[in-house]
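Just below is one structure, and these are the notes that go with it.
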Amino acid sequence: MTFVITQSCCADASCVSVCPVNCIHPTPDEPDFGHVDTLYVDPSVCIDCGACLDACPVGAARPADSLVGREKRFVEINAEFYKDHRTETEWTAPAFTHASDKDGGRLRVAIVGTGPAASYTARHLLTTTDCVITMIERRSAPGGLLRAGVAPDHTGTRGMVDTFRWVYRHPRTTVHLGVEVGRDITHEELTRHHHAVVYGTGAGDNPELGIDGEDSPAVVTAAELVRWFTGHEDQAPVRLDSERVVVVGNGNVALDVARVLLATPDVLRRSDVSDAARAELERSAIREVVLLARRGPQHAAFTRPELLMLPESMDAEVVISRSVGVEETVAAITEPRLSVLRELPVVDLDWASEPAPGRRLVLAFDAAVESVGDGELTLRHTGSAEGTWQTPSRMLVRANGFRVRPIEGLPFDPVQGRIPQDAGRVLDDTGGEALPGTYVVGWAKRGAQGGIGANRHDAEETVASMLQDALDGRLEAPAQGPLSLRRSLLRTGRTSTRRGLKALDREHDRRRTAAHDG
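One point on numbering: in UniProt numbering, the residue at position 411 of the sequence shown is 411, and numbering is uninterrupted.
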């Protein structure tokens, strides 16, 4: 029986590297890589060896005969990809670059952030060079997005932080927690202590909508919700006293929000939801979650696996709100990614009243929020229809993408929403010249786009640029040693010993075990 790739695929291509028969595509060398929902196993080539299962960091590679319920659809989805994609990959010879400064000394590299992009960068440096690494994290635990930004019921993806534990504990890695660049230390200070500084700071909150009443307590961001769901220490509780919740956005983050708000008690108990948030979710008033999309269904931003598996975790019906032309548009959809929409009922929604009996998730297209009032929202049509209308709701969630934060001391491109760069080298904002020894990875590099796995190949590109600069003698030796940096940071944050990191991991594992056993 063949293996298949399922819902939680992170597309970091660890499975591609270990497959002995090259049956997993698209590979990082193929044009579709990064532009499809997941990777796919070719059932006509797979030899059922299980190497992909062992390599997958999120548990997405599964034997086809182990799938149950709606998961069985992934057998068809994997096979379907190969109807139009028969690709032979040309294997390239591996290349290894030894990292040293121009005088032959060992490189010292600072990495700002400990999320996926930063951690992939550190992992690649540790496994291919003899660099010494300093990791700077503003939160109290390493992991970044994997701890604070992934939906709590995506336990496979959240568990990916386990694959980086050895990186944080490595003898050549020092981790400083509770330290923020710009507040506790400057970019200039980091450059004085390192040959190179790499920024993997990710994206911050969801951008503002620019509507009246947006400063109302009824408005929260998806990022704030996920932080509250997962018990983040500096996130205030969120009130769940509205029967109807309107979510702006229709990508995977919006689906994450809806799925957790409508999750069954059993799903919540098996997730990483904090005890406090779980108690609030189980007694919440929410009966309907509306995902509001400015454009039509043919432009929906979610991936097929996420929408396909929604009913497995919710005690709720999934429907499409009737609007001008929506039925015809859905019926005409041919793109496989959006084909799930054709299976959903189209219903008339009574916007003026509280939700109908039962629980449901509503996909509403060609609509946007006009303003936030006292206990109600004013919505407007954005498609061929015109006009506005009101609906009772005391909760609006912004899930309309993410915004990269500017970093003090570095250039920033507000139009592209990222740090200007070329192959990971940060460029100045005047002549476009590379800033010596300064690099960027992840969303800070490419803008808020691409999943977790994309960061692996992104990081490898940046590391290649750094090592080439080292070989070319473009990295200056640090003016000060690591002890000076350690003393400076101890005055503002705290340095984590490997023993301390193990203690954090044990507490994280204890909470997860308690939640799953509860």
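A virtual CB, placed ideally from N, CA and C, is assigned to each residue, including glycine.
message: For a test of the three-state rule: what should DSSP assign to Leu145, helix, strand or coil?
response: It is helical.
- request: Taking 8 Å as the threshold, find out whether the segment 197-212 comes into contact with the segment 111-120 through three or more Cβ pairs.
  value: Yes: at least three Cβ pairs fall under 8 Å.
query: Hey, Leu308 and Val318 are a contact pair by Cβ (cut 8 Å); roughly how many whole angstroms apart?
result: That pair is no contact at about 10 Å.
Beta-ladder partner(s) of Ile5, from DSSP: The partner list for Ile5 (beta bridge, DSSP) reads Ala61.
field: Beta-carbon gap between Arg123 and Phe164 smaller than 8 Å
entry: Between Arg123 and Phe164, the C-beta spacing is below 8 Å.
- prompt: Per DSSP, what kind of secondary structure is His457 in: helix, strand or coil?
  reply: Three-state DSSP puts His457 in a helix.
message: For a quick check, are the C-beta atoms of Val257 and His194 less than 8 Å apart?
response: Taking 8 Å as the Cβ cut-off, Val257 and His194 do not qualify as a contacting pair.
field: Contacts around Met1, its chain only, beta-carbon distance under 7 Å, and the 5 residues preceding and following it disregarded
entry: Hits under 7 Å: Asp48, Pro63, Ala64, Asp65.
Validate contact between the segment 155-163 and the segment 275-293 using beta carbons, cut 8 Å, 3 pairs: Contact fails: fewer than three Cβ-Cβ distances are below 8 Å.
task: Return the residue from the list Cys10, Arg239, Val290 that minimises the CA-CA distance to Ala356.
output: Comparing C-alpha distances from Ala356 to each of Cys10, Arg239, Val290 shows the shortest one belongs to Val290.
query: What do you reckon, are the CB atoms on Gly105 and Ala477 nearer than 8 Å?
result: Cβ distance < 8 Å, so Gly105 and Ala477 count as in contact.
task: On the DSSP bridge assignment, give the partners of Ala434 in chain order.
output: Ala434 is bridged to Leu427.
- prompt: Quick one: what does DSSP say Ile77 is sitting in, helix, strand or coil?
  reply: Correct three-state label for Ile77: helix.
query: Is the CB-CB distance between Gly296 and Thr329 below 8 Å?
result: For Gly296 and Thr329, yes; Cβs fall inside 8 Å.
field: Contact set for Ala222: own chain, Cβ-Cβ below 8 Å, skip 5 residues either direction
entry: Same-chain partners within the cutoff: Asn206, Val247, Gly249, Val253, Ala254, Asp256, Val257, Val397, Arg398, Ala399.
message: Between which two residues does the alpha helix (DSSP H) holding Leu307 run?
response: Taken as a continuous stretch (DSSP letters only), the alpha helix (DSSP H) holding Leu307 covers 304-308.
message: I'd like the list of long-range same chain contacts for Leu145, defined as Cβ closer than 8 Å, with 5 residues on each side in sequence excluded.
response: Only residues of its own chain outside the window of five on either side were considered, and among them Gly115, Pro116, Gly202, Ile452 have a CB closer than 8 Å to the CB of Leu145, listed in chain order.
- request: Determine the contact status of Val441 and Asp428, defining contact as a CB-CB distance below 8 Å.
  value: No, they are not a contact pair.
message: Looking only at its chain, what residues have a beta carbon closer than 6 Å to the beta carbon of Gly32, apart from the 5 residues adjacent to it on each side?
response: The residue you asked about is not Gly; residue 32 is Asp in the sequence shown. Excluding the 5 residues flanking it on each side, Asp32 has same chain C-beta neighbours closer than 6 Å at Pro26, in chain order.
- request: Return helix, strand or coil for Tyr82, following the three-state DSSP convention.
  value: In this structure, Tyr82 counts as coil in the three-state DSSP scheme.
- request: Mind reading off the beta-carbon distance from Arg244 to Glu288? Whole number of angstroms is fine, and I expect it under 8 Å.
  value: Rounded, the Cβ-Cβ distance is 5 Å, consistent with contact.
- request: Ignoring anything shorter than 4 residues or poking outside the segment 371-404, list the alpha helix (DSSP H) runs there in chain order.
  value: Correct list: empty.
query: Which residue spans inside the segment 274-329 form an unbroken beta strand (DSSP E) run of at least 3?
result: The segment 274-329 contains these whole beta strand (DSSP E) runs: 288-292, 317-321.
query: Taking Cβ positions, are Leu485 and Thr134 nearer each other than 8 Å?
result: Contact: yes.
query: When the Cα atoms are used, what is the spatial distance from Pro305 to Ala60?
result: Their Cα atoms are separated by approximately 11 Å.
message: Rounded to whole angstroms, what is the Cα-Cα separation between Ser15 and Cys56?
response: According to the sequence shown, residue 15 is Cys rather than Ser. Cys15 and Cys56: Cα-Cα distance of roughly 6 Å.
3 or more residues per run - each beta strand (DSSP E) lying fully within the segment 152-211: Those beta strand (DSSP E) runs which fall completely within the segment 152-211 and span 3+ residues are 173-177, 196-199.
query: Nearest CA to the CA of Pro28: which residue from Arg418, Val18, Ala11?
result: Among Arg418, Val18, Ala11, the Cα nearest to that of Pro28 is on Ala11.
- prompt: Can you name the start and end residues of the beta strand (DSSP E) that Leu363 belongs to?
  reply: Here the beta strand (DSSP E) through Leu363 covers 360-364.
query: CB Val404 to CB Trp351, shorter than 8 Å?
result: Their beta carbons are not under 8 Å apart, which means Val404 does not touch Trp351 by this criterion.
- request: Going by CA-CA distance only, name the one from Asp37, Gly50, Gln7 that's closest to Cys23.
  value: The shortest C-alpha separation from Cys23 is found at Gly50.
- request: Have a look at the DSSP bridge pairing and note the partners of Gln421.
  value: Per DSSP, Val426.
- prompt: Do you know offhand how far Arg172's Cα is from Val369's?
  reply: In a straight line, the C-alpha of Arg172 is about 51 Å away from that of Val369.
message: With DSSP as the reference, identify every bridge partner of Tyr439, one or two as the case may be.
response: Its beta-bridge partners are Val198, Arg425.
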